[in-house]
Amino acid sequence: MLPLLSITTIVVTAAVIIIGEHLLLLLIPFFLFFLPFFLSFLSRQPPISLFLTKEYIPIIIFILIFQSNVK
Numbered sequence: 001m002l003p004l005l006s007i008t009t010i011v012v013t014a015a016v017i018i019i020g021e022h023l024l025l026l027l028i029p030f031f032l033f034f035l036p037f038f039l040s041f042l043s044r045q046p047p048i049s050l051f052l053t054k055e056y057i058p059i060i061i062f063i064l065i066f067q068s069n070v071k
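Residue 48 in full-length UniProt numbering sits at position 48 of the sequence shown, and the numbers go up by one each step.
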């Protein structure tokens, strides 16, 4: 079974492919702010520890690079 953050990575990649670049910009606040708190609720960890996990940092970097390329 895949870990929760790996599933999140797959969902983010699918969102890029399916939704497209303009609608993805609307999802950036969700992925950067609301998703860590939701995952922390599921895993019962403090939200800041999810920001520092090795699997979540590439997602944040990818979204920021993608946002700068769209402009």
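In this text, a Cβ means the ideal position worked out from N, Cα and C, and glycines have one as well. A quick note: this is a predicted structure, and the numbers were derived from the prediction, not measured.
Exercise. Going by the CB atoms, is the gap between Ile-59 and Val-12 shorter than 8 Å?
Worked result: Yes, Cβ-Cβ distance for Val-12 and Ile-59 is below 8 Å.
For this session: Label Phe-38 either buried or exposed according to how many other C-beta atoms from any shown protein chain fall within 10 Å of its C-beta, with 16 as the threshold for buried.
Result: Phe-38 is exposed by the Cβ-count criterion.
Exercise. Leaving out the 5 sequence neighbours to the left and right, which residues in its chain are closer than 8 Å to Leu-35 when beta-carbon positions are compared?
Worked result: Here the set comprises Thr-8.
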